[in-house]
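Residue numbers (our numbering): 870 to 1871. Note that beta-carbon positions come from the ideal geometry of N, C-alpha and C, so glycine has one too.
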Ligand SMILES: [Zn+2]
């Protein structure tokens, strides 16, 4: 229960409404009184509400104030597509039409000035807004100004927290909040974050929300055991410390658990979608129910208040797609408020009012008791029975970054050029939609998932035009650029048919990268030349396969890529040479008498000749050897059992038995060794294979797995894992990233903030892995990086596993009503795990930089050659860097994007945590000079903003909470010197830069 506070602290509150909770104690019970020992330190002058809270309703200090929050929860795609939800199409699937909800709510708000409403999903709101007349827009502006329509969260969507990458979260929040800032200014800025439906919560999300400037955060779903523990400890509302690196209170966030998820209390749902009886006031009517209803409401309110510390409680009055006929809700709420408050004349201490989450938060200020708290993890999964599902939907690609960066580097010439009009906005919007908690998480219906893919593809089209314009401008040469969208599955018509072509490779990182280019080609011998016309080593890998379509020959060469720039290589087939005569021959054998190895100067991997499985990894530099046995297994998906009817499905991972079954105990193997690559090809079954690969200079082992279509003819749903077993003594601990940023320690069968009753030994230990998972014995560390979000765990000491694919026959009964049973292309998945073995001390330097490169991989653009001069009038430029000097390794260029005419958005991030790297000192603060950093533009003015760029940093302020770890320390005085931008470990700094683009010179 924490410690007790001094009374003087309580009295320090300047809130005009906070006369004191004490007269209210007869309702709450005296046992709660001494607990109110924390307070909100107001930034405004005494008696004045802080900015954004001026329009909040008046409350009764001596009563239990029940804040009714009318709201709708509008999924940006779930059972229906985004457009079907917006327009109200296919109401036979689900009755839902967002356009009608907003129409109806605005009318209802205008009818009665005390009514309030919050809206959340800006993907929908912005679309509705653009379809309104000027007169309606003016009316809505007025409602926003008066606080009667308030925005909460304000992201383009309400993003998932488990499967999302932090960069994509920041981007989608920026997009939504920018619309609000541009449309409503300060009046429309959300003060609270609102994640009522995501299926569990991540610490990084709390950290990001704090850095975005939110005063508080409310969520609905959490583990039932966690919720019970919080209720018992009166910790439903507390301050969440979101970062172990950032100096408090930078990542501290007031966090409240809503009492009923996001639904109204039972029997009090007055939507067209509900069946609860309306308020009947006519005493002559046989349906008269006022007394019963008022008594019931008072009981519900009093019961709820027992689990909260102040004389304010909140009730969410709404749910999925409600308020299509807002009159029903508001008419009954009007009556409820009037009737319940009328009881005050008879001694009732309950005061009901229309409110909003922000106003509720404000009223907590005087009395609230948030507990300084540092959970390493909040609920891994919210729904019922098990731990988190795996996350089969891929992580955002690098495409958005590449498109945004080139638009910023080239300026308006990227938008309008020889290839037409190109823009980044459609892709940015599609990517934002993809972060919705039913999209990237994999809990939408199949036709909705297909529509998400359609949106991505549609967004990429204008980006290809933009990239062509930009590359032509930067190269000074027009080419017929080709973007091989299926390069990941070795399909590229140009390289497979042309005898000569150009390969331009763009590197979105702020540092130089060497990257192995791998292109499908026709058979023959090719000469590859670098940007200076020098021949570089290249290799052909030819697979002895009858199916040339599935396994075309591949041309390999190592490309050297400048920071934030490109290199152009030329490839030409050599006609006079006999095909294959000079091509390096792969070594292909099917049986082995001794352990088989692949190695380069850094790593050696050894394979068991009997089983064909990986058996040892050696880090030659550190003289480390670790037996590592890697293989694929599958869990038999539960279809319900004696303990529970819960089946495994889109939301729930619930294996039927704890022990997974091997896909195969051995693998058929082949060895491919050329000068540029060494590969072991493993075939485990007709539907499961893997290539383990090493390139020269590479410090990690690459495992490229292909799984699917998973056979389910035996009527067993299967959840396939890749499992790594080692003798490391890991003491039940393993480590996973949080949204790709900070690392969290996980302990088997343990939760840091409550005593766990483990009912699901496998699923209950699964956690989201966005970019990496590792195990260590304190000396040696085995890290596996993923190329997409997956579920992962360490169920035995020394082992770790990642779920790579699932195919299920039953729906899990949580809403989607479809089994996870994709057919066609989607039934087959190819992905990569990058494995690093290092000392625990040196490991972070390896996995941080490699993960950065994996998330922002280079973009390959091909051209047939034979283009024409464009703007330079000289020979085409074959190499380019957008930076005058590369960034230090600890600095990640998180965002470089267009923000408006001659304005760019720039985010720089320190990508190491405090104390994470001692060897190369990469955790040390780093200082940059931004003045001359970029080569294509000059920064004429630099302004620093919050993380989402909707407030200037110097003007931004958040409500400050005093916690049981002491008051928030004063921040150091703020100064901005573009020549001296210092980044502390894990710090992200966001800038709006006014720029002037330079003439591109030859
Ligand atoms: Zn939802």
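Open item on the list: Classify residue 1599: buried if its beta carbon has 16 or more other beta carbons within 10 angstroms, exposed otherwise.
Closed with: buried
TODO: Use the C-beta contact count for residue 1092: other C-beta atoms within 10 angstroms, 16 or more gives buried, fewer gives exposed.
DONE: buried
Task: Close beta carbons around residue 1879, own chain, < 8 Å, minus the five adjacent residues each side - done: The question about residue 1879 has no answer, for the chain in this structure spans 870 to 1871.
- [ ] To the nearest angstrom, report how far apart residue 1295 and residue 1727 are at their CA atoms.
- [x] Residue 1295 and residue 1727 have their alpha carbons spaced roughly 21 Å apart.
Task: Contact under 8 Å by Cβ, residue 1073 with residue 1111 - done: yes
Open item on the list: Among the candidates 1375, 1376, 1380, 1391, whose CA atom is the shortest distance from the CA of residue 1364?
Closed with: Answer by Cα proximity: 1391.
Open item on the list: Considering only heavy atoms of ligand 1 and the C-beta of each residue, which residues fall inside 5 Å, strictly closer?
Closed with: 944, 1066
TODO: Work out the CA separation of residue 1106 and residue 1123 for me, nearest whole Å.
DONE: 7 Å
Task: Beta-bridge partners of residue 1561, as assigned by DSSP - done: 1549, 1572
Task: Given 8 Å, three or more beta-carbon pairs between the region 1278–1292 and the region 1485–1498 - done: no
Open item on the list: What residue range does the beta strand (DSSP E) around residue 1768 cover?
Closed with: 1760–1769
Task: Cα-Cα separation between residue 1657 and residue 931, rounded to whole angstroms - done: 52 Å
Open item on the list: Tell me which residues share the same chain as residue 1340 and place their Cβ nearer than 7 Å to its Cβ, disregarding the 5 neighbours each side in the sequence.
Closed with: 1350, 1373, 1730
Task: Same chain, Cβ closer than 8 Å to residue 1212, neighbours up to 5 away in sequence not counted - done: 1163, 1167, 1219
Open item on the list: Applying the 10 Å Cβ sphere with the 16-neighbour rule, what's the burial state of residue 1312?
Closed with: buried
- [ ] Could you tell me whether the region 983–990 touches the region 1001–1021, where touching means 3 or more Cβ pairs closer than 8 Å?
- [x] yes
Task: Residue from 1790, 1859, 1867, 955 whose Cα sits closest to the Cα of residue 1036 - done: 1859
TODO: Go to residue 1282, then tell me how far its alpha helix (DSSP H) extends in each direction, as first and last residue.
DONE: 1281–1284
Open item on the list: Please state whether the Cβ-Cβ distance between residue 1569 and residue 1430 is less than 8 Å.
Closed with: Going by C-beta atoms, residue 1569 is not nearer than 8 Å to residue 1430.
Task: Beta-ladder partner(s) of residue 942, from DSSP - done: 1189
Open item on the list: Considering Cα atoms alone, identify which of 1802, 963, 1687, 1104 is closest to residue 1847.
Closed with: 1802
Open item on the list: So if DSSP puts residue 1592 in a beta bridge, which residue, or which two residues, is it bridged to?
Closed with: 1500, 1670
Task: Test item: CB-CB of residue 1813 and residue 1791 under 8 Å - done: Going by C-beta atoms, residue 1813 is not nearer than 8 Å to residue 1791.
Task: Helix, strand or coil at residue 1531 according to DSSP, with G and I counted as helix - done: strand
- [ ] Report the rounded CA-to-CA distance for residue 1610 versus residue 1146, giving the unit in angstroms.
- [x] CA-CA distance, residue 1610 to residue 1146, rounds to 49 Å.
TODO: For the alpha helix (DSSP H) containing residue 999, list its first residue and its last residue.
DONE: 991–999
Task: Three-state secondary structure assigned by DSSP to residue 1096 - done: helix
TODO: Using the Cα positions of residue 845 and residue 1010, report the straight-line distance between them to the nearest angstrom.
DONE: As displayed, the chain neither begins before 870 nor continues past 1871, which places residue 845 out of reach and without an answer.
TODO: Kindly list the residues whose CB is nearer than 7 Å to the CB of residue 1367, restricted to its own chain and excluding five residues on each side of it in sequence; keep chain order.
DONE: 1733
Task: Whole-number beta carbon distance between residue 1304 and residue 1033, since they are thought to touch under 8 Å - done: 5 Å
Open item on the list: Pop quiz: residue 1142 and residue 964 are said to be a contact at Cβ under 8 Å. What is the actual Cβ separation, rounded to whole angstroms?
Closed with: 6 Å between Cβ atoms; contact.
Task: Enclosing beta strand (DSSP E) for residue 1398 [first to last residue] - done: 1395–1398
- [ ] Could you spell out the range, first to last residue, of the beta strand (DSSP E) harbouring residue 1314?
- [x] It is not in any beta strand (DSSP E) - residue 1314 carries neither H nor E in the DSSP assignment.
- [ ] Using alpha carbons as the reference points, say which of 1561, 1652, 1631 lies closest to residue 1641.
- [x] 1652
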